[in-house]
Amino acid sequence: DELVLETTSEELKRLAKLVVTAMEEVVQLNVPLVVDVKTGSNWYNMESIKD
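Structure follows, in structure tokens:
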């Protein structure tokens with residue numbers, strides 16, 4: 003599954019952290035739910051965002 007969001011470069015890291023927290027901590031599961039956040043101007047140029 004995926005979410006596609008648009009934001010400014012100034013807000014990118016803050017939004018990424020918010021989305022990761024919301025998705026990974028929404029419910030307690032017996033297995034970890036890992037969210038990968040990427041950014042780019044198109045699908046080919048996507049790069050992962052690290053904390």
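Take the sequence shown: its letter number 44 is residue 46 in our numbering, and every next letter is one higher. For each residue, glycine too, the CB sits at the ideal point set by N, CA and C.
Of the residues the options, the one placed nearest residue i, counting alpha carbons only
i	options	result
Glu-12	Thr-41, Tyr-46, Met-48 and Trp-45	Thr-41
Asp-3	Thr-23, Val-36 and Asn-32	Val-36
Pro-34	Val-22, Asn-44, Asn-47 and Trp-45	Val-22
Lys-52	Ala-24, Lys-15 and Glu-26	Lys-15
Thr-10	Ala-24, Ser-43 and Val-29	Ser-43
Which residues DSSP lists as bridging residue i, in chain order
i	result
Thr-41	Glu-49
Boundaries (first-last residue) of the alpha helix (DSSP H) holding residue i
i	result
Leu-20	14–26
Exposure of residue i, with buried meaning 16 or more beta-carbon neighbours within 10 Å
i	result
Val-39	buried
Ala-18	buried
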